[in-house]
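Undergrad:
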Ligand SMILES: Cc1ncc(C[n+]2csc(CCOP(=O)(O)OP(=O)(O)O)c2C)c(N)n1
Ligand SMILES: [Mg+2]
């Protein structure tokens, strides 16, 4: 039987649905995640299902107590997620765009991230913060960031960024079942992409990298949407006889150092592809890992293909320039092979 | 009311210009000509214009994601705005900001804002800067009913109150934040009372009546400039289009929309000035045509302007690096 195909959006929706069915303590909240809150008119229920329709239909099954629309007050409702997690629930809260992190950052980095440690290991915070990342929507500077590295910086937070529908579902289920706070980064450009997704629940563990392509000539470490762009570059390189080993860094914290180092050991060359800004980033973190633990294997300088050190611009040609492209990856690989 | 002929004409011209601008964007968005998220101000014109009628070029405003009306009311040039929204190099932000970040700092317009609640702290700072310089500059801070729930808004109301800053807070209560009605999101009987709670006048105003807005804002700016501190005006209004273009608007009824459209601010203005024989219908008709022509010209300007050079992406991050 052919495997079922599902969109990245549908995979996330399904993970939420299955976990809410399985565990009464799981509930979700965010702005307009259902829509028209408080209205009795059945025509209005689920008026939006989330600004990008990821949570569509959930209110019909679980009701407004567990699919909870919030006022626009991220600091309070994300903080409420932390408090609910500390007191026996498993909330999944939505930060509509990662650029809004500033509004609520204290609750994430000082409260959620540090409580367990500060309290001598006596608290657990099984919270998931779902958020969207990524340029490509012409949504301009405050709605297009991919600044997951900010969260990676903080001990106590786990951070994941799935690249495929399969991983989106499996990682989200793991994140919900995990007892630590997890920042779950959904690339909005990927929502309509499809891939095989089993119907039952399954987990993809928080930590190990994915390995979508095997090759012996160059290691490409890529994150989120950059994985498919790297695979496209890898196909073009293969036509020239260069075989890329593509590592999907779907878990940013904790991360899979061994997968990165093992691949470099095999290929001797490293290109990192990251849609985030380049300074203090995952790209620079991977490069530092290579320098500190794999220098002996490297035959060429590490190449970093990232967004520039600028905010995301609005105008289409500017935004297209901003986002890393397969051309740049191909060129970087050619420069070192 | 201290509204002379020129001011009445100015008010109508600005309101009409906003309406034309937004109606045209509504069409152009549907035709696929406009990238990104676009939030239209149609229906709420009386607020921006009734408020900005009290402002000079060197006064300041802070705005929201629904910022085109605030820009036009403050005197930002519509050619540059239209080009910006189309992502052109000739846009007022060189195509870098788009609709959601449209700005003209030289005209005291400190930017539309993609962050709900992003504006009120900036407004406190603009008020403070005028105060420290000893000028009579004042700042208008626009935010929505949804924005009234952000911590930054509450913090700013208090800061402005304790420092008696020359800021007028204008809550545009259009009854919805995206799909969420104020019945669900606002604790307490109204938003104006939040001003009173922080020790400033909090006044509910009919936001469809530009005369009411003008009058309430007049007293608020007098207080602000005389060092008596901030005021919160809760202007009750309604947005005609969806939250953003492309919204199917399933969270309110067509009947409700029709009800609010009956209280249109432009129609209301017309009947007041014509019934009171303050202006002639021909003058108003001429302004309507002028506004239409200006929009046609703005679109032509935007369409004939080049897109930015891609590498322009790299400029303007710092003054110097
Ligand atoms: C910090 C933040 N949270 C959420 C959003 C998404 N968002 C954009 S506009 C909006 C609704 C704003 O409602 P309101 O303040 O009433 O303004 P209106 O759209 O009605 O003019 C929301 C939730 C945002 N842009 N910024
Ligand atoms: Mg509103």
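Protein chains in written order, with this note's numbering: chain A, 723 to 1059; chain B, -13 to 307. All C-beta atoms in this analysis are idealised placements derived from N, C-alpha and C, irrespective of residue type, glycine included.
Can you check which of these residues, 130(B), 179(B), 84(B) and 214(B), is closest to residue 158(B) by C-alpha distance?
TA: Checking every option, the nearest Cα to that of residue 158(B) belongs to 130(B).
Undergrad: Does residue 819(A) come out as helix, strand or coil in the three-state DSSP assignment?
TA: Residue 819(A) falls in the coil class under three-state DSSP.
Undergrad: For the alpha helix (DSSP H) holding residue 95(B), just list the boundary residues, first then last.
TA: Premise fails: residue 95(B) is in no alpha helix (DSSP H) and is neither H nor E.
Undergrad: With DSSP as the reference, please indicate the residues paired to residue 33(B) in a beta bridge.
TA: The partner list for residue 33(B) (beta bridge, DSSP) is empty, contrary to what the question assumes.
Undergrad: Using a C-beta cutoff of 8 Å, does residue 169(B) count as contacting chain A?
TA: By this cut-off, residue 169(B) is an interface position.
Undergrad: Could you tell me whether the Cβ of residue 804(A) comes closer than 8 Å to any Cβ of chain B?
TA: Not closer than 8 Å to any Cβ of chain B, the Cβ of residue 804(A) fails to qualify, so no.
Undergrad: Check this for me: beta carbons of residue 332(B) and residue 24(B), under 8 Å apart or not?
TA: Residue coverage of chain B in this structure runs from -13 to 307, which leaves residue 332(B) outside it and unanswerable.
Undergrad: Below 7 Å on C-beta distance, what does residue 67(B) contact in chain C?
TA: Among the chains of the structure shown, chain C does not appear; the protein chains present are A and B.
Undergrad: For residue 1026(A), name the three-state secondary structure that DSSP assigns.
TA: In the structure shown, residue 1026(A) sits in a strand (DSSP, three-state: E or B).
Undergrad: Do residue 793(A) and residue 135(B) have their C-beta atoms within less than 8 Å of each other?
TA: Yes.
Undergrad: Can you tell me where the beta strand (DSSP E) holding residue 222(B) begins and where it ends?
TA: Looking at the DSSP string, the run of the beta strand (DSSP E) that includes residue 222(B) is 217 to 222.
Undergrad: Look up residue 992(A) in the DSSP assignment and give the residues it is bridged to.
TA: DSSP lists 941(A) as partners of residue 992(A).
Undergrad: According to the Cβ coordinates, are residue 175(B) and residue 860(A) closer than 8 Å?
TA: No.
Undergrad: So which residues put a beta carbon under 6 Å from any heavy atom of ligand 2, going in chain order?
TA: Going by the Cβ distance cut-off, the answer is 130(B), 131(B), 132(B), 160(B), 162(B) and 163(B).
Undergrad: Can a CB atom of chain A be found closer than 8 Å to the CB of residue 87(B)?
TA: Closer than 8 Å: yes.
Undergrad: Can we count residue 50(B) as close to ligand 1, meaning its CB is less than 7 Å from some heavy atom?
TA: Answer for residue 50(B): yes, Cβ within range of ligand 1.
Undergrad: Given 8 Å as the limit, is there contact between the region 102 to 121 of chain B and the region 80 to 92 of chain B, that is, 3 or more CB pairs closer than that?
TA: Cβ pair count under 8 Å is below three, so no.
Undergrad: For residue 761(A) and residue -11(B), I'd like the C-alpha separation in whole angstroms.
TA: If I take the Cα positions, the gap works out to 42 Å.
Undergrad: Consider the C-beta atom of residue 54(B) and the heavy atoms of ligand 1; say whether any pair is separated by less than 7 Å.
TA: Incorrect: residue 54(B) has no Cβ contact closer than 7 Å to ligand 1.
Undergrad: Verify the contact flag: residue 103(B), CB atom, against every heavy atom of ligand 1, threshold strictly below 7 Å.
TA: Yes, the Cβ of residue 103(B) comes within 7 Å of a heavy atom of ligand 1.
Undergrad: Where are the alpha helix (DSSP H) runs, 4 residues long or more, that stay fully inside the region 851 to 932 of chain A, in chain order?
TA: With a minimum length of 4 residues, the continuous alpha helix (DSSP H) runs that stay inside the region 851 to 932 of chain A are 871 to 874 and 887 to 899.
Undergrad: Can residue 823(A) be considered in contact with ligand 1, in the sense that its beta carbon sits closer than 7 Å to one or more heavy atoms?
TA: Answer for residue 823(A): no, Cβ out of range of ligand 1.
Undergrad: If you follow the alpha helix (DSSP H) that residue 705(A) is part of, which residue opens it and which one closes it?
TA: Outside the modelled stretch of chain A, which goes from 723 to 1059, sits residue 705(A), for which no answer is possible.
Undergrad: For residue 933(A) and residue 892(A), I'd like the C-alpha separation in whole angstroms.
TA: Near 15 Å, if we compare the C-alpha coordinates of residue 892(A) and residue 933(A).
Undergrad: When you compare the CB of residue 913(A) with every CB in chain B, is at least one pair closer than 8 Å?
TA: Not one chain B Cβ lies under 8 Å of residue 913(A).
Undergrad: Which residue wins for smallest C-alpha separation from residue 91(B), given the options 103(B), 78(B) and 102(B)?
TA: Measuring from the Cα of residue 91(B), the nearest candidate turns out to be 78(B).
Undergrad: I'd like to check one pair, residue 986(A) with residue 909(A): are the Cβ atoms closer than 8 Å?
TA: Their beta carbons are not under 8 Å apart, which means residue 909(A) does not touch residue 986(A) by this criterion.
Undergrad: Mind the definition here: the region 1050 to 1057 of chain A touches the region 1013 to 1029 of chain A only if three or more C-beta pairs lie below 8 Å; say whether that holds.
TA: Short answer: they touch.
Undergrad: For residue 1043(A), name the three-state secondary structure that DSSP assigns.
TA: In this structure, residue 1043(A) counts as helix in the three-state DSSP scheme.
Undergrad: Ligand 4 heavy atoms versus the CB of residue 72(B): any closer than 7 Å?
TA: Ligand 4 is not part of the structure shown, which contains ligand 1 and ligand 2 as its ligands.
Undergrad: For a cutoff of 8 Å on Cβ pairs, would you count residue 754(A) as touching chain B?
TA: Answer yes: the Cβ-Cβ gap between residue 754(A) and chain B drops below 8 Å somewhere.
Undergrad: With distances taken Cα to Cα, identify the nearest neighbour of residue 971(A) among 935(A), 990(A) and 843(A).
TA: Ranking the options by Cα distance to residue 971(A), first place goes to 935(A).
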